[in-house]
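Structure record follows, encoded as C-alpha cells.
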C-alpha cells in the first residue's frame, strides 16, 4: 500500500513539473517581445505608425528588386518590347505580390513573410513561350519620336499580340496548376509527402532551376558584359566582404535634444540596390561623355541610360490592375505538369522559410495548421497571379526573413505596411517604370550574383546526405546530367520533327512529349526521384533520418500539451476569430486549416503512450 501511494505521489509531482514547464514556456511566448531572442518588436507588437512605415519601407527595398526582376527576366522570351507595357507588367507584379503578402500575414501563416515572384516558375514560363510558333518582331525604338502620346509604338501592334498570347498562356497554366497547391494546403498532405522526398531529389531541382534561366541572364549581359561583371563583383563584395561595416548616420534626437550618430549596416542590408545605384551612375557618366556608342547596332549600346527614358515619360500616373488585363488566358496541357513540379519545389522551399522565420520571431515551430494555411495562401497567390496575367507565381522571400534576424523587428504590423507599399507602387506605373530604365547589363549582373547563390543552395541542401557513397553521387550527378542534356537535344530536334510530321495524333503526342522533356527541372527531378526511390540505400545515407528528427513536430498527431497548443494559437491565429469558431463552429477544429482542440488530460495520455512506444 505504501509503495502504491509513493508511486502516486511521484506521478503527481511529475505532472506538476510538466505543467509548470508548459506555463513557463507559455509565459515566455505570450510576452510578445521575444526576450530570449532580444527582439525589439515581437510578432504581436505594434510599433508607432512612423516606425512601422519606415521599417516596412526597408522590407520593401530589400524585396523590390526581386519583385521587379522576376518579371523583367521574362521580357525577351515573351516579346515584350514596349517600355510602357513593361512598366505595367512590373506594376501588376507589385500589386499582386502586395495582396499575396497581406493574405499570407493575415490569413496564412500569420508570420511576417514577404511574397515575391518565384524563380522555380521561370523554366516553365520560358519553355512554354519558346513553343510559340510566331517569332518576335524585330523592333527598335531609336528615339522618342517613334512613340505615340498614349505610350504605344507606331509599329508595335504585332508584338503586342504576340506577348499577350504568350503571357496569357503562361498565366493560364499557372492559374490551373495553382489548384494543386490549394489542395495540398487545404488537405494537409504535404507533411506526408515530405517523408518520401529526400535532399537528393531537392538538390538537382534547385541546381537546374538556376541553370535553366542562365540563357536569359546571358542575353541581358550581352550588350555590355563588363558592366555586368563589375555589378556582380560589387554585390559579392558588399555581401561577403563589407557585411560588417556600418556607416555612421548623424541625426537629431528630439527626446535627448541633441545631435546623435547611429550606425547602419548599409552594405549587408542593401547590397543589390547600392550596386545598382553605383553602376547606374557609372553608365550615366559613360553615356553623357559618349564613351558608350550611340548606334543601336554597336556593342555596348544597351548600357546607355538614355534609350529607355521614354518609359517614365509615357507611363501613366495611375492605373488599377484588374483580372484578364492583358487578354484572355489559355492553358498548356504539358505545362500544367511542369507547373505542378515547380509548385512542389516551391512548397518545400517555403516550408523551410516558415520554420526559419518562426525561429527568428521567437515563435513555436509552425506545426500543422499554420503550415497548411501558408501553402494554401501561396496557392491563392498563384491563382491571383495567373488571373491578373502575370507569368510568375509567388513564394516566400528568404532575404526578408534574414532581415528580421538582423533588425530584431518581427512585428506582423510592419509586414502589413510593406504589403501596402507594394500595392501603392502597383497603382502608380511611373514608380514601377523606374526599374525599366535600368540598363539591361546592370540587371544581368544582379541576376548573375543572385542566381549563382540559388545554384549554391543546391550544395547546401546536401549537407545531411552521405555524398561519399557512390550511390548518392550517381543519383545527383546523373540527374543533373540528364536534366541538362535531354532538354538540349529535344530543343535541337523540335523544329526537324515539326516539319517532318503531319498534323496527326502521332504529331500531337510527340509534341506533348517534347514539351515535357524540354523542361530541365521536370527531367532532373523525375530522374532523381526515380533513382532515389529504386536504388537500395538506407534512410541515413539518403539524408531522410536528419529530416525525420523534426517529424513529430510536423505531423498532426504530435505530442502537444494544451499550453503548447495555446502558444501556437496566440502566434498563428486571430484570438477573436478563434474564440468565435470555437464557440459557434467547433467542427472547424477537425479541418487541417484550423488548430485542433486538445485537452490537457488527452495530451498527457498521448505523451505517455508515445514515450512508452519509444
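Residue numbers (full-length UniProt numbering): 1 to 614. Yeah, the Cβ is synthetic: ideal placement off N, Cα and C, and Gly gets one too.
Shortest Cα-Cα distance from residue 373 to any of 350, 362 and 392 involves 350.
Assignment of residue 117 by DSSP, reduced to helix, strand and coil, places it in the strand class. Residue 234 places its beta carbon 9 Å or farther from that of residue 312.
If you compare the alpha carbons of 268, 248 and 422 with that of residue 262, the shortest gap goes to 248.
DSSP assignment within the region 516–551 yields the following whole alpha helix (DSSP H) runs of 4 residues or more, N-terminal first: 520–534, 539–542 and 544–547. Per the C-alpha coordinates, the member of 107, 388, 465 and 404 positioned closest to residue 95 is 388.
Burial check for residue 456: the Cβ neighbour count within 10 Å stays below 16, so the residue is exposed. Note that the region 90–110 touches the region 381–401; at least 3 beta-carbon pairs, one per stretch, sit closer than 8 Å.
Here residue 359 carries a helix assignment [DSSP, helix/strand/coil]. Fully enclosed alpha helix (DSSP H) runs of no fewer than 4 residues occupy 398–407, 412–427 and 429–436 of the region 376–458, in order along the chain. With fewer than 16 neighbouring CB atoms inside 10 Å of its own CB, residue 590 falls in the exposed class. Distance from residue 59 to residue 415 at the Cβ level is roughly 7 Å; contact confirmed, criterion being Cβ atoms closer than 8 Å. Annotation: the continuous alpha helix (DSSP H) that includes residue 235 extends over 225–240.
In terms of Cα proximity to residue 335, the closest of 300, 173 and 394 is 173. Within its own chain, the residues whose Cβ lies closer than 8 Å to the Cβ of residue 430, once the five positions on either side in sequence are excluded, are 87, 312, 315, 316 and 317, listed in chain order.
Around the beta carbon of residue 308, 16 or more other beta carbons sit within 10 angstroms, so the residue counts as buried. Residue 253 has 258 as its beta-bridge partners, per DSSP. Relative to residue 541, the option among 475, 530, 523 and 587 whose CA is nearest is 475. In the three-state DSSP reduction, residue 264 falls in the strand class (E or B). Counting other Cβ atoms within 10 Å of its Cβ, residue 41 reaches 16 or more and is therefore classed as buried. Taking a C-beta distance under 9 Å as the contact criterion, residue 439 and residue 302 qualify as a contact pair. Linking residue 432 to residue 265 through their CA atoms gives a straight-line distance of about 26 Å. Taking C-beta atoms under 8 Å as the contact rule, residue 417 and residue 360 fail to qualify, at a distance of about 18 Å. Note: residue 41 is bridge-paired with 409 in the DSSP secondary-structure output. Comparing alpha-carbon positions, the option among 477, 473 and 513 lying closest to residue 487 turns out to be 513.
With respect to residue 169, residue 400 sits apart: the two C-beta atoms are not nearer than 9 Å.
Judged by their CB atoms, residue 445 and residue 214 are not nearer to each other than the 9 Å cut-off. Inter-residue distance for residue 270 and residue 586 is about 47 Å (C-alpha atoms, whole angstroms). Under the three-state reduction of DSSP output, residue 334 falls in the helix class. Of all alpha-carbon atoms in 479, 463 and 478, the one lying nearest the alpha-carbon of residue 544 is that of 463.
Comparing alpha carbon positions, the residue from 111, 76 and 50 closest to residue 571 is 111. Ranked by Cα distance from residue 539, the first of 200, 118 and 489 is 200. In terms of CA proximity to residue 190, 368 leads the group 521, 522, 466 and 368. Contact annotation, residue 97 with residue 197: C-beta distance approximately 27 Å; criterion of less than 8 Å not satisfied.
Between residue 423 and residue 177, the C-beta gap is not smaller than 9 Å, which leaves the two residues out of contact. Pairing residue 202 with residue 345 gives a Cβ-Cβ distance under 9 Å.
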